[in-house]
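Notes follow once the structure below has been shown.
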Amino acid sequence: MTDMLPGLAEFEPPQPVEKLSPGVRLTGRRRDEIERGRHPATHQVLRRALDPDDEATCGDCAHLWRKNAGNGHWWKCDLASTRGTDGPDVVKRWPACKLFTPKEDA
1 MTDMLPGLAE
11 FEPPQPVEKL
21 SPGVRLTGRR
31 RDEIERGRHP
41 ATHQVLRRAL
51 DPDDEATCGD
61 CAHLWRKNAG
71 NGHWWKCDLA
81 STRGTDGPDV
91 VKRWPACKLF
101 TPKEDA
């Protein structure tokens with residue numbers, strides 16, 4: 001059979017691609033955006049892209065708010081809301097975007 005198809009004996013089938021869950025793929029996309037200097041929720045430039053010494057995070061920002069729903073809670077940014085929705089979830093440890101506003105101490 002290999003006489004009729006030269007080179008078939010050397011053929012190696014491709015390795016199967018690991019299937020990632022939607023959550024793992026989303027985490028990877030968000031990590032890639034941060035590495036490119038863009039905030040995953042607001043799509044604004046990161047402050048640390050403008051000043052590498054800037055260590056502000058979303059957790060330090062006045063625009064961060066907690067949404068309580070059902071059995072849990074999620075962090076949201078009021079600047080990332082679109083079309084009447086609460087916008088994407090935000091991780092408090094993400095680097096802050098250029099729209100960062102420090103929280104006022106109560």
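So that you can map any letter, position 73 of the sequence shown is 73 in the UniProt record's numbering, and since no number is skipped, the others follow by simple counting. Glycine included, each C-beta is placed from N, C-alpha and C at the ideal position.
Contact under 8 Å by Cβ, residue i with residue j
| i | j | result |
| --- | --- | --- |
| LEU46 | GLY59 | no |
| LYS103 | GLY87 | no |
Buried versus exposed call for residue i [16 or more other C-beta atoms within 10 Å across all chains shown]
| i | result |
| --- | --- |
| ALA62 | exposed |
| LEU64 | buried |
| VAL17 | exposed |
| VAL90 | buried |
| ALA106 | Low local confidence applies: a pLDDT of 48 at ALA106 is under 50, so the model's placement there is unreliable, with the coordinate-based value given in what follows. So ALA106 ends up on the exposed side. |
Under the three-state DSSP convention, the category residue i falls into
| i | result |
| --- | --- |
| VAL24 | helix |
| LEU50 | helix |
| ARG30 | helix |
| GLY70 | coil |
Cβ shell of residue i (< 8 Å), same chain only, five flanking positions each side left out
| i | result |
| --- | --- |
| THR42 | CYS77, LEU79, ALA80, CYS97 and LEU99 |
| residue 107 | In the structure displayed, the chain extends from 1 to 106; residue 107 sits before or after that span and is not available. |
The ligand MN heavy atom lying under 7 Å from the CB of residue i
| i | result |
| --- | --- |
| LEU46 | Among the components modelled here there is no ligand, and therefore nothing to report on the ligand MN. |
Cβ-Cβ separation, residue j to residue i (assumed contact under 8 Å), whole Å
| i | j | result |
| --- | --- | --- |
| ARG48 | PRO40 | With a Cβ gap of about 14 Å, ARG48 and PRO40 do not count as contacting. |
Close-in-space but distant-in-sequence residues of the same chain around residue i (CB under 6 Å, 5 per side omitted)
| i | result |
| --- | --- |
| ARG93 | THR57 |
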